[in-house]
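Participant: Residue numbers (my numbering): 377 to 479. Glycine included, each C-beta is placed from N, C-alpha and C at the ideal position. If you're wondering where the values come from, they're calculated on a predicted model, not measured in any experiment.
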Amino acid sequence: MSTMKIKKGDLVKVIAGRDKDKEGKVLAVNHDKNTVIVEGVNMITKHTKASAANQNGGIVKQEGPIDASNVMYIHKGKATRVGFKMDGDKKVRVAKSTGEVID
């Protein structure tokens, strides 16, 4: 299985779907399903039962997962593809538009 190009904490732009052109921070990454959860994107309503943590229960709005292929990494304010290269003996992510090392 290949490495995912998006990591938790990255700033990304949605390039397809209902929330196209929205930007947000990646909250979670699911490697098995190849999905990401982006802050403020793909909001869904969830009906929750009352519990010790949530006394009232009711309807809660939260972010839903979207496919990782539908987001692009934002580097210096512009969406860019992400590649990999070896920096000495370490594998690093590289912005394809500028060739700069991301992390």
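Is it true that the CB of isoleucine 391 sits closer than 8 Å to the CB of leucine 403?
Facilitator: no
Participant: Would you call the stretch 438-457 in contact with the stretch 380-400, where contact means no fewer than 3 C-beta pairs closer than 8 Å?
Facilitator: yes
Participant: If we ignore side chains and look at the alpha-carbon of each, how far apart do glutamine 431 and glutamate 476 end up?
Facilitator: 49 Å
Participant: I'd like to check one pair, lysine 401 with glutamate 415: are the Cβ atoms closer than 8 Å?
Facilitator: When the beta-carbon positions are compared, glutamate 415 and lysine 401 come within less than 8 Å of each other.
Participant: State the DSSP-derived secondary structure class of asparagine 432, mapped to helix, strand or coil.
Facilitator: coil
Participant: By the DSSP assignment, the beta strand (DSSP E) with valine 390 in it spans what residues?
Facilitator: 387-390
Participant: Identify every run of the beta strand (DSSP E) within the stretch 399-469, keeping only runs that are complete inside it and at least 3 residues long; order them along the chain.
Facilitator: The beta strand (DSSP E) runs lying completely inside the stretch 399-469 and spanning 3 residues or more are 399-406, 411-414, 419-424, 434-439, 447-451, 454-456, 458-463, given in chain order.
Participant: Contact check, serine 473 vs lysine 454 under 8 Å by CB: the rounded distance?
Facilitator: 7 Å
Participant: Since glycine 440 contacts asparagine 410 with CB under 8 Å, what's their CB separation in whole angstroms?
Facilitator: About 15 Å separates the two Cβ atoms, so there is no contact after all.
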